[in-house]
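Novice: Residue numbers (mature numbering (1 follows the signal peptide of the UniProt record, and there is no 0)): -21 to -1, 1 to 314.
Think of the CB as a built atom: it goes at the ideal place given N, C-alpha and C, for glycine as much as any other residue.
Below you'll find the structure I mean.
Following this line, the structure appears as structure tokens:
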């Protein structure tokens, strides 16, 4: 891939999070649904949903601005809400009854700071930004407060809750949140460690960083490198398998990071994977040219799912109440 183009897109991909309840109704997948909720102007869509485990997809972008831009980690869920953070306009939640997104109050300070990752934690919404740290709201966006005390860098990459503790990945390492004192404490990293992904599984915490993969037992906090000389875009854990999304290849480990093997076969060569998720026994990956599913026998990836735009980079993936929700960074337009 052309390096300037890659750098430009990486810089652009910044944002994240949650919105509404219910399982996706069957009518959402009916042919009449697209007619009832057509794309605006010449837009094919930016958010898509599948209620049949990725076999078919429907555009679920109604209600979002035509020029919406969605950054990495910008989709989040709570028990009752599916939401997305749109860079230029703020927070939206999804109304499953009317199949559309509705805007929620968002502080202008958040928009100005280029909103990034988002998470729901203890009935509040937390939003990370590129230049102003973390904001949170406990009343569905009516009031916002900046809570960046303790952070040594205000560029926020990812959030993850692990065993009731909220963690955030920044451009200067991993931090944990002290809810009582409303401040962040350093967990691991240095002033040049960009933490792009956080995952947990099998009693371990993993971070995917610009300096490789690092892990620690959750109870001991004894960090060690488990994959070096690789810069990571993201990391995930599914069952006993750790997926390391480096910037030119997907790797997996089934022994807590002691050994790694390439898992790129079937996907574009030298193109990195945005997300790896599990849904109803299947493994899916978001790539630069679409959604892939891993074959259980061959372990190879195949481009999967009807109804998606061709050659569309899906930068966010989320599983919510039996659905798979995916998004690009900006809407695909008809030629």
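In or out: residue 2 buried (at least 16 other Cβ within 10 Å) or exposed?
Specialist: Per-residue confidence for residue 2 stands at a pLDDT of 44, beneath the threshold of 50, marking its modelled position as unreliable; the derived number appears in the next sentence. By the 10 Å Cβ count, residue 2 comes out exposed.
Novice: Could you name the residues of the same chain whose beta carbon sits closer than 6 Å to that of residue 255, not counting the 5 residues immediately before and after it, in chain order?
Specialist: Hits under 6 Å: 215, 222 and 264.
Novice: On the criterion of 16 or more Cβ atoms from any shown chain inside 10 Å, does residue 295 qualify as buried, or is it exposed?
Specialist: Buried, since its Cβ has 16 or more Cβ neighbours within 10 Å.
Novice: State the CB to CB distance for the pair residue 92 and residue 110, rounded to an integer number of angstroms; the pair is presumed to be in contact (CB under 8 Å).
Specialist: Rounded, the Cβ-Cβ distance is 5 Å, consistent with contact.
Novice: Name the residue from 226, 67, 200 and 242 whose alpha carbon lies nearest to the alpha carbon of residue 108.
Specialist: Of 226, 67, 200 and 242, the residue nearest in Cα terms is 67.
Novice: Given a cut-off of 8 Å on the beta-carbon distance, is the pair residue 246 and residue 266 in contact?
Specialist: Cβ atoms of residue 246 and residue 266: closer than 8 Å.
Novice: So what's residue 274 in DSSP terms, helix, strand or just coil?
Specialist: DSSP places residue 274 in coil when its eight states are reduced to three.
Novice: Taking the alpha-carbon positions, what's the residue 160 to residue 142 distance?
Specialist: Taking the straight line from one Cα to the other gives about 19 Å.
Novice: Quick check on the DSSP output: what are the complete beta strand (DSSP E) runs of length 3 or more inside the stretch 72 to 135, in order along the chain?
Specialist: For the stretch 72 to 135, whole beta strand (DSSP E) runs of length 3 or above, ordered along the chain, are 79 to 82, 94 to 100, 103 to 108 and 113 to 116.
Novice: Kindly give me the distance between the Cβ atoms of residue 281 and residue 251, rounded to whole angstroms, as I take these residues to be in contact under 8 Å.
Specialist: Contact flag wrong, Cβ pair sits at about 18 Å.
Novice: By the three-class DSSP mapping on this structure, what secondary structure does residue 61 have?
Specialist: Three-state result, residue 61: strand.
Novice: Using a Cβ-Cβ cutoff of less than 6 Å, which residues in the same chain neighbour residue 195 once the five nearest sequence positions on both sides are dropped?
Specialist: Excluding residues within five positions, the ones whose Cβ falls inside 6 Å are 184, 201 and 202.
Novice: Is it the case that the Cβ atoms of residue 78 and residue 55 are separated by a distance below 8 Å?
Specialist: Cβ atoms of residue 78 and residue 55: not closer than 8 Å.
Novice: Quick check: what's the CA-CA separation for residue 233 versus residue 24?
Specialist: Each residue's Cα considered, the two are about 37 Å apart.
Novice: Beta-carbon separation of residue 205 and residue 188 under 8 Å?
Specialist: It is not a contact, given that the beta carbons lie outside the stated cut-off.
Novice: Using DSSP with H/G/I as helix, E/B as strand and the rest coil, what is residue 197?
Specialist: Residue 197 falls in the coil class under three-state DSSP.
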